[in-house]
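Chains as they are written, first to last, in this note's numbering: chain A, 687 to 793; chain B, 37 to 191.
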Amino acid sequence: MNLRRDVFQAIADPTRRGILLLVASQSMTAGAIAANFDTARPTVSKHLHILTECELLAQEQNGREIYYHLNPEKMKEIADYLEPFRKLWEDRFNKLEEVMKKYKTKK
Amino acid sequence: MELKTKINAEVGRQDLLITREFDLPVELLFKAHAEPEIVEQWMGTKVLKLEAKNHGSWQFETKNPQGMVVFRANGVIHEFSPGRRIVRTFEMEGAPFGVQLEFLDFEKLSDERSRLSIHVVYQSGEKRDQMLKLPFAQGLNMAHNRLEEVLGKGK
Numbered sequence: 687m688n689l690r691r692d693v694f695q696a697i698a699d700p701t702r703r704g705i706l707l708l709v710a711s712q713s714m715t716a717g718a719i720a721a722n723f724d725t726a727r728p729t730v731s732k733h734l735h736i737l738t739e740c741e742l743l744a745q746e747q748n749g750r751e752i753y754y755h756l757n758p759e760k761m762k763e764i765a766d767y768l769e770p771f772r773k774l775w776e777d778r779f780n781k782l783e784e785v786m787k788k789y790k791t792k793k
Numbered sequence: 037m038e039l040k041t042k043i044n045a046e047v048g049r050q051d052l053l054i055t056r057e058f059d060l061p062v063e064l065l066f067k068a069h070a071e072p073e074i075v076e077q078w079m080g081t082k083v084l085k086l087e088a089k090n091h092g093s094w095q096f097e098t099k100n101p102q103g104m105v106v107f108r109a110n111g112v113i114h115e116f117s118p119g120r121r122i123v124r125t126f127e128m129e130g131a132p133f134g135v136q137l138e139f140l141d142f143e144k145l146s147d148e149r150s151r152l153s154i155h156v157v158y159q160s161g162e163k164r165d166q167m168l169k170l171p172f173a174q175g176l177n178m179a180h181n182r183l184e185e186v187l188g189k190g191k
């Protein structure tokens, strides 16, 4: 498996999305996360590694255990990616509305 | 401010949905997609061809102030049902995003209000995400160009 740093690649995988949902409510250890999936433990570890690489997850040492938690800032970045695309259409549609309102009164 | 235009792009899928309600009768909303002179006004592009009929085709082109073509796209119109629906393909020329299939549904909400839903299907989830990121990347480039302009003037 390649280590992809692109957040979009990271969230394209259903298991990784499942992991993000799991840790959204509470920090968890790798073992506790793996227990929620049928996938083999090393596979879950790889997913955790990828999510950590692209900063969607952050690690926290608590005694001997490492806990994973969600990085809300990075999650927000994903949402922000969509915004310029939405804005592009919003601007076009505003213009359309304006043009057609004039068109209507001209008639 | 209320967001009038909504984009629904679920992760891991190869399609997305754009919806918007307009303060316009559905006939006018549809007309804005059918008449070349009107399309040019709100899309901000030149319409080289727009055959508003079943099995027609279309081509848009945008030039920069220096006369260089910066955007050209084309496609075919599979279905053209006045006031109701347009099914068409869209392909940006010279870009790696492939062909996308677009379903435009026009809906009457009242005599003065209407809704447009555009369902866009891409060749793959990867291509969809590349396309989605494009305005983001362009925004960055534009900011960068402006910065260069400002810096250039300072010299």
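Every residue gets a Cβ at the ideal spot worked out from N, C-alpha and C, and that includes glycine.
Item	Value
Assuming Arg778 of chain A contacts Met79 of chain B under a Cβ cut-off of 8 Å, what Cβ separation, rounded to an integer in Å, is found between them?	6 Å
Which runs of the beta strand (DSSP E) fall wholly inside the stretch 77-140 of chain B and span at least 3 residues, in chain order?	82-86, 92-99, 105-117 and 121-128
Considering only residues of the same chain and omitting the five flanking positions on each side of Asp147 of chain B, which have a CB-CB separation below 8 Å?	Pro61
If you draw a straight line from the C-alpha of Ala696 of chain A to the C-alpha of Glu741 of chain A, how long is it?	10 Å
CB-CB under 7 Å to Pro72 of chain B, same chain, minus the five flanking residues each way: which ones, in chain order?	Val83 and Leu86
For Met167 of chain B, which residues does DSSP report across the bridge?	Met167 of chain B pairs with nothing; no bridge assigned.
Which same chain residues, not among the five before or five after Val123 of chain B, have their C-beta less than 6 Å away from its C-beta?	His114, Glu115 and Phe139
Which of the residues in the stretch 123-142 of chain B, read from start to end, lie with their CB under 8 Å from any CB of chain A?	none
Specify whether the stretch 45-64 of chain B and the stretch 101-114 of chain B touch according to this definition: at least 3 beta carbon pairs, one from each stretch, less than 8 Å apart.	no
Exposed or buried, which one is Ser117 of chain B when buried takes at least 16 other CB atoms within 10 Å?	exposed
Put Thr41 of chain B into one of helix, strand or coil per three-state DSSP.	strand
Round the Cβ separation of Ile719 of chain A and Ile736 of chain A to the nearest angstrom and send it over; I've been treating them as touching at under 8 Å.	Not really, about 13 Å apart at Cβ, beyond 8 Å.
Any idea if Lys191 of chain B is buried or exposed, counting beta-carbon neighbours within 10 angstroms, 16 or more meaning buried?	Note that Lys191 of chain B scores a pLDDT of 40, beneath 50, so its modelled location is shaky; the value from the coordinates is reported in the next line. Answer is exposed; the Cβ neighbour count stays below 16.
Taking 8 Å as the CB-CB cut-off, is Ala765 of chain A touching chain B?	no
Would you mind stating whether Thr41 of chain B and Arg772 of chain A have Cβ atoms separated by less than 8 Å?	yes
Thinking C-beta only, is Ala744 of chain A closer than 8 Å to His755 of chain A?	yes
Hey, Tyr767 of chain A and Lys169 of chain B: beta-carbon distance below 8 Å or not?	yes
Using a Cβ-Cβ cut-off of 7 Å (strictly less than) and excluding sequence neighbours within five positions of Phe66 of chain B, which residues of its own chain qualify?	Pro118, Gly119 and Phe142
Suppose you measure from the CA of Gln125 of chain B to the CA of Ser713 of chain A; what does that come to, to the nearest Å?	Contrary to the premise, residue 125 of chain B reads as Thr rather than Gln in this sequence. Each residue's alpha carbon lies about 45 Å from the other.
Reducing DSSP to helix, strand and coil, say where Glu63 of chain B ends up.	helix
Using the beta-carbon of each residue, which ones in chain A are nearer than 7 Å to Glu165 of chain B?	Checking the sequence, you will find Asp at residue 165 of chain B rather than Glu. The answer, in chain order, is Phe694.
Inspect the beta-carbon positions of Val112 of chain B and Gln136 of chain B and report whether they are closer than 8 Å.	no
Within a Cβ cutoff of 7 Å, which residues of the same chain sit near Lys802 of chain A, ignoring the five residues on either side of it in sequence?	It is not possible to answer for residue 802 of chain A, since the shown part of chain A is limited to 687 through 793.
List the residues of chain A that Phe96 of chain B touches, going by C-beta distances under 7 Å, in chain order.	The premise fails here: Phe96 of chain B is roughly 12 Å from chain A at the closest Cβ pair, so nothing lies under 7 Å.
Do we get a CB-CB distance below 8 Å when we pair Pro72 of chain B with the residues of chain A?	no
Kindly indicate the opening and closing residues of the beta strand (DSSP E) around Gln159 of chain B.	It is not in any beta strand (DSSP E) - Gln159 of chain B carries neither H nor E in the DSSP assignment.
Determine the DSSP secondary structure at Ser711 of chain A, reduced to helix, strand or coil.	helix
Is DSSP giving Leu689 of chain A helix, strand or coil here?	Annotation note: pLDDT 41 at Leu689 of chain A (below 50); position unreliable, coordinate value reported separately. Leu689 of chain A falls in the coil class under three-state DSSP.
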